[in-house]
Amino acid sequence: MSESSIESVSDELLTGSTKKELTDFFHSQNFTKDEVSELLISRKRIKSKIYTRKSRALYRERIKTRELQKCALENERTNLLREIAFWQNAVYYEYNDDVFISPIPALN
């Protein structure tokens, strides 16, 4: 078979079939042993790229999830501190990442 026939094999065919199915298919299409080897190596590269892309996407998704969880915990913490300040008749405020709950001075 010629180089153009090797290039005509689609990525979907390479990645969507088992190695045995591919080998049988290539032999039925009169591919040579070298061409079959080249295609199987190409299959491995393509699958590796797909795996890498999926891994990176999963990693980015985990990072986003962690950031959202961190924001949710921070909001929950802030709400709890504000509620504590309210029930203690105090003022809640933040300054330079420090949290203060100060009693409201009595008016005489």
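To get my numbering, take the position in the sequence shown, counting from 1, and add 759.
Glycine included, every Cβ here is placed at the ideal spot set by N, Cα and C.
Here L817 is exposed, its C-beta having fewer than 16 other C-beta atoms within 10 Å.
Secondary structure at S861: strand, using DSSP grouped into helix, strand and coil. For S776, there is no enclosing alpha helix (DSSP H), as DSSP gives it neither H nor E. Counting along the chain, the unbroken alpha helix (DSSP H) around F845 starts and ends at 792-846.
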